[in-house]
Amino acid sequence: MEKKYNFRILKILFVIITTSLFCDTISAQQVSGVVSDAKLGEPLLGVTVIEKGSSNGTTTDMDGRFSLRVRDKKGGALIFSFIGYKRDTVPIANQDYMKIELNEELGQLKEVVINAGYGQMKKDMTTGSVASISGEDLQDLPTTTVVEALQGRIAGLNVLGTSGAPGAQGIITLRGNTSMNPDTRSQPLYVIDGVIMDPEVSGAAQAGLNPLALLNPNDIKSIDVLKDAAAATIYGARGANGVIIVTTKRASSNKPQITVRTEIGMSTRPALRPVMVGAAERRFKMNYLKNNLTNPEQRRLLSLMLTDSLNTAFNNNSDWQDMLIQGALTKEGNVAISGRTETSDFRMSLNYYDEEGVIKNSGFSRMSANLMYNFRPVEKFRINSNVSFTHVGRKQGNGDYLFRFSGWNFPSSFWQITETEREYHTGALEDVRNKNDFFLFNGNLNLQYDFNNHLKFTSNIVGNLNYSREDRFQPGYVAWNGIANATSNSSDNRYYSVENYFNFTTKFNTESHNFNAVIGQSFEEQYSANTYSQGRDIPVTAIKTIQGLPDKNTTTSTYNGERSLASFFTRLSYDYKQKYLISANYRIDGSSRFGRDNRWAYFPSISGGWIITNENFFPESKAFSFVKLRGSYGITGREPGGLYQSYQGLRSDINYYNNIYTQSYGGAGFIVPNYVENVSSPGLSWEQTSQTNLGIELRFLENRISLTGEVYERYTADLLFSRQIPAITGYSNALDNTMDVLNQGWELTLGASIVQNEKFRWRSDLTIAHNENIVAKTPGGRDITSAWFSVSQGGPLYNYKVWETDGVYPRTSDVPVDPLTGERMRQGWSGGNQYEGGDPRRIDQNNDYIIDGNDLVSYGSSDPDLYGGWNNTFNYKGFSLSVQCNFVYGRNILNGYLSDKLNGASNNANNMWGSISGPASDLGDYSFWINPGDDTEYPRIIPNNIDQWNIQSSSFIEDGSFFRVKFINLGYSIPRALSENLGLDRARLWGSVNNVWTYSDSTLLDPEAVAPNGYASAQAYPVPNKFSLGIEVAF
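Going left to right, the sequence shown walks through residues 1 to 1035 as UniProt numbering numbers them.
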């Protein structure tokens, strides 16, 4: 019965499509053309084109082109309308091809057309949660990649900048975290010009890059973010964390145009650890020794040379942090050539970006070339092609010896050191080779055939080749074991995909009923290979490669893998008189990563909307320009990270790491099960995220003010988690679908054209979001504890587990005494050290008079209460000023920097004069216990065997809220008349500042440079201030 019902539906759809094909050919004449912005010359996507006096119409495509069959080509006219532009009626006058320019209407918000995946639509007509950014908003900012410029732009999109290293990818999460590894498993999906750029597929993950870092920011036209399941379900298995769709620029002028852009910048000294050097450090340490070496024997053993202020060996003044920091230059050049005719258009761009790091011998460079050519050989057939090449080079990439910036590793500023010791510290950055190169070639061929105004077929063929190589060399005086070593790690990825889909659009009963359907399939395959080599005990350090070494000093391993994904998808959209909107998506994905029984997954969604302002009963009012209510529910999914986690892995242990653990039989190596990795898990199934979303969209005062509010609930079930299993199995862990995580929250986006006239404009946009992260299920309901974090049902993913501390015991008599033993509170166990005056007052939660793991309590998390951004743009005549800010409120961070600093300061007094004892931390802002009765914030600085500076203490949890002025950009566009006199179409100058000012109560150097779990060591790459100047001309 069900099969008959489905067959009837197919017959009905077939009748509708064939009828529209037949009717469309009767007494109709073809008119085509292009619509562009009269001022900028850029093509306009989504312009409504209607034949005057009828309901016959269409909309322009992404190149601003349209094609329409009209009844009266001689005396008829076409009406062109687009929000933010003046409506225009143009006679056809027997023209086959029309070039239309629309003029902007001041005081109006422009119509936003979004890329919804496998098609474009006007944002007002969407029923899912979608946000957009124009490429113009991202230009002229002194950033290495687009990622940094997204901060605070989209409500619910959280961009965490954990490092100031050039090219650092940052961590992007949308509507909360769903994994204990957010840098890899909670990232959204990236789609660039219709090409899925999964970090794993693009090779960016292997190179430690975000796919957006591979883009030339000057090529970006728009970025659309699909937040909820209704919007993202069309991407099925990868849409669980949202989708970021990037559309690049195309030719914007009917004549050939060359755009040249160059920029130069400077990165200045970042905030560093406050330390005392020279005389200040000497006085501090001498005073320390005087106060704490109370034993007469210790004082007698103190060498006289240490107390001699004239001894040249102990009176130097070296600022080691400053020695390793430099002012750094940034250079960028960009050339774009474009043009278009009635049947074709092209755009070619070349970009070179080079940024030195403020730490010597570090940096990032990107060289990219992109060619886009679109051709329409006949009216109904279109060929779109895009070829791009990118090379990214990084020095001092991941694992770049930044522990040198720990105060424990620097030499004392006044200690006289040998040249070898100097090389140990400065050589770690100058003589170490640590270079990462990444190459990407991407080709995309898009074929479109328009059967008529209603039905279109698209085929998209994508090929992706990428290669990355990382070479490292450590001379013996830098390596921790004193042995020179080198490694080489290379990865090769090949990927291709084919997508085919139909797009059908029609209208019934004079535009009362509008219907759109998309149906298609896709297939993709990926091949990966990796080779890792290591050489140890290298005799010649001048050649920084793996040299001819005996077998016992070398290690080599290789890896090969492949995967495939097959998909079928459809989307149905309907609206009645643009009042009542409904849309449904359905996608089926089959992945080779799963066992046979769980290979296929099904992802449906449904959404609806109601545009109240289009109702007849809604009164005409200048107050309300647009009101829409919408809601959605859907399911998206996610594959496991590895390629073979459902299967039993094998390995060859021939000569594995100096012949250790070699498996052999009769003297020959052989293939054995891979016990190093997880046990095979054929029962692994898809992670699935169900999401409910409710939203309201408002515009006021003739579209000058807009407000969007949303609430959502996002439940991710069957998260993959590696749990411990009995050792008798031969394995230590097994991967299972054993965790559930809930994210729920709300978002607000407020935009306003506060001032809008011919001379002066002021636009302000505010985004603010709240997300609550809750672990709904853990394996067996048990807590998962790791270091100072704990994952518990009902709590967040990153929940601090620490000893609650309430100040300091002023006197030993204030320490609680066990009435059964008559002994004071002890640390760790019944025989542990007793607390005394000057020690931290840790709360004994279970009243057993022992401070141990049973007294650890949950104490906040790294999830903020609120996060967002505030952006303002001012235009006066040819001048423009933009200020971009972002903020985080109500986030707790674990200050490992403070713990390390105090722990280092309390080092054993006899060792404070060692050659690498480190400069003294500046502790002038802290109050420490010294004498009995002191009521201070921090305990005694001298250790008392109870580990008073242990990071697992509420004393080191602090408010990590901050408000940051991220970018300020001032630009000037030369008047058009002057530009034309100079033979230019346009010219623009600008200056920008990055990382301008930060307000925070945190004691950290940078409250944003914190790991996703909230731990802050302050040993990450320091975040500098950047200044840049640029010029762009077009002719």
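Here a beta-carbon is modelled for each residue, glycine too, at the ideal position from N, C-alpha and C.
- Straight-line spacing of the CA atoms in asparagine 386 and proline 274 works out to 51 Å.
- Annotated three-state conformation of threonine 145 is coil, per DSSP.
- DSSP links serine 253 through a beta bridge to no other residue.
- A Cβ-Cβ contact shorter than 8 Å links glutamate 524 with leucine 565.
- From the listed residues Ala77, Gly838, Gly239, the smallest Cα separation to arginine 69 is found for Ala77.
- Take the alpha-carbon of tryptophan 803 and the one of serine 953: they are about 5 Å apart.
- By a beta-carbon distance limit of 8 Å, arginine 153 does not contact threonine 692. Their separation comes to about 25 Å.
- Taking the Cα of aspartate 137 as reference, the smallest distance to any Cα among Ser129, Pro217, Thr60 is reached at Pro217.
- Taking the C-beta atoms as reference points, tyrosine 501 is found no nearer than 8 Å to tyrosine 1021.
- Arginine 842 is bridged by DSSP to Thr805.
- Under DSSP, the beta-bridge partners assigned to histidine 513 are Phe508, Tyr576.
- DSSP lists Arg494, Glu562 as the bridge partner or partners of tyrosine 527.
- With contacts defined as CB atoms closer than 8 Å, isoleucine 635 and threonine 689 qualify as a contacting pair.
- Here alanine 168 is buried. Its C-beta has 16 or more other C-beta atoms within 10 Å.
- The residues Ser567, Phe569, Arg587, Ile588, Asp589, Ala601, Phe603, Thr636, Gly637, in chain order, have a CB closer than 8 Å to that of glycine 236 in the same chain once the five nearest residues on each side in sequence are set aside.
- With respect to the 8 Å criterion, valine 147 and leucine 212 are classified as neighbours on the basis of their beta carbons.
- For methionine 323, the enclosing alpha helix (DSSP H) starts and ends at 320 to 324.
- Per DSSP, the unbroken beta strand (DSSP E) holding alanine 328 starts and ends at 328 to 340.
- For leucine 350, same chain residues with a beta-carbon under 6 Å away, outside a window of 5 residues either side, are Val335, Ala369 in chain order.
- In the three-state reduction of the DSSP assignment, isoleucine 951 falls in the coil class, being assigned neither a helical nor a strand state.
- For leucine 978, the enclosing alpha helix (DSSP H) starts and ends at 976 to 981.
- Here the alpha carbons of aspartate 450 and asparagine 799 stand approximately 55 Å from one another.
- For alanine 601, the enclosing beta strand (DSSP E) stretches over residues 600 to 611.
- Here isoleucine 696 is near leucine 629, since their CB atoms are less than 8 Å apart.
- Within the same chain, Cβ atoms closer than 6 Å to the Cβ of alanine 584 are found at Leu572, Ile606, the five residues on either side in sequence being excluded.
- The shortest CA-to-CA distance from glycine 991 to any of Val277, Asp818, Tyr85, Val883 is the one to Val883.
- A contact is defined here as three or more CB-CB pairs under 8 Å, and the stretch 976 to 988 fails this definition with respect to the stretch 997 to 1010.
- Beyond the five residues adjoining it in sequence on each side, lysine 86 comes within less than 7 Å, by CB distance, of Leu102, Asn103, Glu105 in the same chain, given in chain order.
- Counting C-beta pairs closer than 8 Å gives fewer than three between the stretch 833 to 852 and the stretch 966 to 978, which falls short of the contact rule.
- When DSSP states are grouped into helix, strand and coil, threonine 126 belongs to the coil group.
- DSSP places alanine 752 within a strand segment (E or B) once states are collapsed to three.
- In this structure, threonine 330 keeps its C-beta atom at 8 Å or more from the C-beta atom of arginine 366.
- Residues Glu332, Ser1028, Gly1030 of the same chain have their beta carbon placed closer than 6 Å to that of glutamate 263, with the five preceding and five following residues left out of the count.
- Residue range 760 to 777 is occupied by the beta strand (DSSP E) that includes alanine 769.
- Around the CB of aspartate 925, fewer than 16 other CB atoms lie within 10 Å, so the residue is classed as exposed.
- Under DSSP, tyrosine 938 forms a beta bridge with Phe928.
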